[in-house]
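For the sequence shown, position 433 (counting from the first letter as 1) is numbered 932 according to the working numbering, and the numbering increases by one without interruption. Everything below concerns the one structure shown next.
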Amino acid sequence: MPIQVINDLIQFQTALQSAQHRLVVVDFYADWCGPCRMIAPIFESLSTEFSDVVFIKVNVDHARAIAGTYQISAMPTFLFFRDGNEVERLRGANANRIRELIQQFSSQIGSSPANRKAANASEKEFLQHFVPYAEKMQIYEDEIAQTLALSLVPLEDIKSKATIDGKLSHYILVKELMAWFKHSFFKWTDAPMCPTCNIKSTANRKQGLPNAEERADGAHRVEMFECPECKAEVRFPRYDNPIKLLETRNGRCGEWANCFALFCRAIGLETRYIMDNLDHVWVEIWAEELDRWVHCDPCENIMDTPLMYESGWNKRYAYVIAFAIDHVMDVTWRYTFDRKVTSKRRTQCRPAVFYNFITKLSNRLAKTSPQERQKELKRRYLREMIEFLWPQNNKRDGSDAENHGRISGSKQWREARGEIAQTTSCVIKPTANEIDAKCLEILYNSATDEYRRPHDASTSKGYKSLAFESKNVFRKVETDWKNTYLCRTEGAEKGELVWKIEFNGEKPKSVTINYGDSFCRDDGNVLAVVCCGEQCVRVNDTVTLNEFNDEAKYLEFRVELTGGKGNNAWQHAQILRCDLDNVKPNFSIRVEFE
């Protein structure tokens, strides 16, 4: 049954009555709530799985009458109704508990899935995205494509450098190939050059349609740019055919990985094409001497550093999948460190359905392989699964690459994608004195730009010093008006500030946040949200939380600054505003422990 979206109180109560004896499950959510976004596809999946249950979504920002009537204060909150009466209430994005309650309260007829490995509509849509990647691997085996690639690569020179004591090292071979590819063959393109003026064009945010020639060369979409000098449109076809890329020799990560994969296969390296769920691609090669797959990112000229994306680029992966000519592998656990946290992000498909699909797709690719090859694939599969059991295998302690942000692409482009390493990343933890006092309190004064921790008798200078994340935000001092505030940097569309407090095993009893005066004008907007465990609450001025579940291991307070008009739009959303002679803290976070 499709989910009903209701924002009117009368319509909501009518829906409850119309359901009669059937179970009604209501998701109270907000667009700004991270756990709400995480649980949304699961809620959609449950609505397909349990056909006799009525599912309703209520946006609390658009349906204040409903939220007020049912006293909703934290998001997400799930209410369960039968015969118009509330029978249960659950705060937080706990998918397993939601399922348990549905099974507990719903009638048995039509409420249990017939086949737990069968994908529902939303899961089918998600899984279908993987199929083209599997089909894509065929082109790298094309003899003409490989011959063209071999005609361009200085193979003998590369092989001589990779031969040690008469034996060819696959590890060194791909390392030398990647260095040549990065520095001598392929170029990065943020925006194409104007062919007339020979200057870099600027984005005009339009998507064009590929013409017949571009389609024939494998372009499925075209980005449109504009020359700042002659104002002519400049086309940037996103070619997906590696043979064409041997000619154009430019692009972004998709083109880089695509073309590099062809070179790897052309020189005889077993190759996987790796895609993630966050818009980046790279390759892996099989290193015979190491008896394992090795991560290779041609954009960065970095290899064998799989945790670089999570540690240095701030990626938070849910799915990372490897595609080879004769198999498919879920390699998420090579590129993430905390299996428990990563598992919670994998919400777009039930695990049994996902692995059933991956297994069938992989078996389909492998079925034409010789028996000896299939036997070798099984051996490698078991070895890889054992490797995944130990996350420490993927760490490269002491490696600069593991903690560095992205280097390919312009700084503005990388910042927009959030792939520049953060230099803030302070996680606040209770000290021994604060644990003894059963209270951790952070006090900040914008006038002095200083934090105090009264229960630890310590201070920290600068608003960034205790911030977990700071993007496009700075402290503005107006000497003429004698005041100060935090706002976003000029030209930035959004500014973000995050404070994170880990409880280190202590159980919170209450959390109070007061973030002082904010100022908005001309459509400027301040969004402040506190998340703890599996629930989020919007903060207008002061908020107190006093209900926590076992998942409440840390607290995260996030503020986003957006909107405004004209050249001074960056000033039209301000927080922590105060006079320069202010002596009292105007921002505080207080956590009391049991």
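The beta-carbon is built from N, C-alpha and C at its ideal position, and this holds for glycine as well.
According to DSSP, is residue i part of a helix, a strand, or is it coil?
| i | result |
| --- | --- |
| Leu515 | helix |
| Pro741 | helix |
| Ser945 | coil |
| Gly1062 | coil |
| Phe853 | helix |
| Asp641 | coil |
| Asn1003 | coil |
| Arg879 | helix |
| Glu634 | helix |
| Thr547 | helix |
| Ser700 | coil |
| Leu789 | coil |
| Pro736 | strand |
| Tyr962 | helix |
| Glu799 | coil |
| Tyr984 | strand |
| Phe836 | coil |
| Thr770 | strand |
| Lys730 | coil |
| Lys866 | coil |
| Val559 | coil |
| Lys993 | strand |
| Trp812 | coil |
| Gly591 | coil |
Nearest to residue i by alpha carbon, out of the options?
| i | options | result |
| --- | --- | --- |
| Cys726 | Asp716, Glu746, Ile742 and Thr701 | Thr701 |
| Cys848 | Gly591, Gln519, Ala931 and Lys623 | Lys623 |
| Arg878 | Ile555, Asp790 and Ala936 | Asp790 |
| Ile784 | Leu777, Phe759, Phe527 and Cys729 | Phe759 |
| Cys795 | Glu788, Trp781, Leu806 and Tyr808 | Trp781 |
| Tyr962 | Phe1086, Arg845 and Glu548 | Phe1086 |
| Ser924 | Val852, Trp812 and Thr958 | Trp812 |
| Gly567 | Leu508, Asp948 and Ala946 | Leu508 |
| Gly1015 | Phe511, Cys798, Met677 and Asp1040 | Asp1040 |
| Leu761 | Ala821, Tyr639 and Ser659 | Tyr639 |
| Val1090 | Glu968, Lys937 and Arg1076 | Lys937 |
| Val1042 | Val1010, Lys1052, Asp1049 and Ala1072 | Val1010 |
| Asn595 | Ile571, Leu545 and Ala562 | Leu545 |
| Trp980 | Val524, Asp1080 and Tyr950 | Asp1080 |
Given this structure, state the Cα-to-Cα distance separating residue i from residue j, to the nearest angstrom.
| i | j | result |
| --- | --- | --- |
| Ile502 | Val819 | 30 angstroms |
| Asp837 | Glu886 | 14 angstroms |
| Leu1060 | Lys975 | 14 angstroms |
| Thr770 | Tyr632 | 13 angstroms |
| Phe1002 | Asn619 | 39 angstroms |
| Phe973 | Thr988 | 6 angstroms |
| Arg863 | Ile773 | 19 angstroms |
| Arg748 | Lys686 | 6 angstroms |
| Gly767 | Leu672 | 10 angstroms |
| Glu1005 | Gln519 | 44 angstroms |
| Lys635 | Cys693 | 31 angstroms |
| Tyr880 | Thr662 | 28 angstroms |
| Lys616 | Phe684 | 46 angstroms |
| Asn1066 | Asn1024 | 16 angstroms |
| Lys666 | Lys674 | 16 angstroms |
| Phe853 | Phe625 | 10 angstroms |
| Glu1046 | Cys752 | 45 angstroms |
| Ser945 | Glu992 | 23 angstroms |
| Ile824 | Glu722 | 30 angstroms |
| Arg1076 | Asp948 | 12 angstroms |
| Gln1073 | Gly1063 | 11 angstroms |
To the nearest whole angstrom, what separates the beta carbons of residue i and residue j, a pair I think is in contact under 8 angstroms?
| i | j | result |
| --- | --- | --- |
| Cys532 | Val1028 | 7 angstroms |
| Pro540 | Ser621 | 6 angstroms |
| Tyr943 | Ala786 | Tyr943 to Ala786, Cβ: 51 angstroms. No contact. |
| Gly990 | Trp889 | Contact doesn't hold; Cβ gap of about 45 angstroms is too wide. |
| Glu977 | Arg1057 | Between Arg1057 and Glu977 the Cβ distance is about 26 angstroms, and since that is not below 8 angstroms, they are no contact. |
| Val1038 | Ile1012 | 6 angstroms |
| Thr846 | Glu809 | Actually they are not in contact, since the Cβ atoms of Thr846 and Glu809 sit about 18 angstroms apart, beyond 8 angstroms. |
| Arg521 | Val559 | Not quite, the Cβ-Cβ distance comes to about 24 angstroms (not below 8 angstroms), so this is no contact. |
| Phe577 | Ile597 | 6 angstroms |
| Pro575 | Ile538 | 6 angstroms |
Next on the checklist: For the region 827–836 against the region 850–865, do three or more pairs of beta-carbon atoms, one drawn from each stretch, fall closer than 8 angstroms, so that the two count as touching?
Outcome noted: yes
Item to check | At least three beta-carbon pairs within less than 8 angstroms, the region 1033–1042 to the region 978–998 | outcome: no
Item to check | Cβ contact (3+ pairs, closer than 8 angstroms) linking the region 511–518 and the region 1004–1024 | outcome: no
Checklist entry - At a cut of 8 angstroms, does the region 874–893 reach the region 653–666 through at least three beta carbon pairs? => result no
Item to check | Touching by the beta-carbon criterion (3+ pairs, under 8 angstroms), the region 841–851 and the region 864–871 | outcome: no
Next on the checklist: For the pair the region 703–721 and the region 730–740, tell me if three or more CB-CB distances fall below 8 angstroms.
Outcome noted: yes
Checklist entry - Three or more beta-carbon pairs under 8 angstroms between the region 637–652 and the region 740–747, yes or no? => result yes
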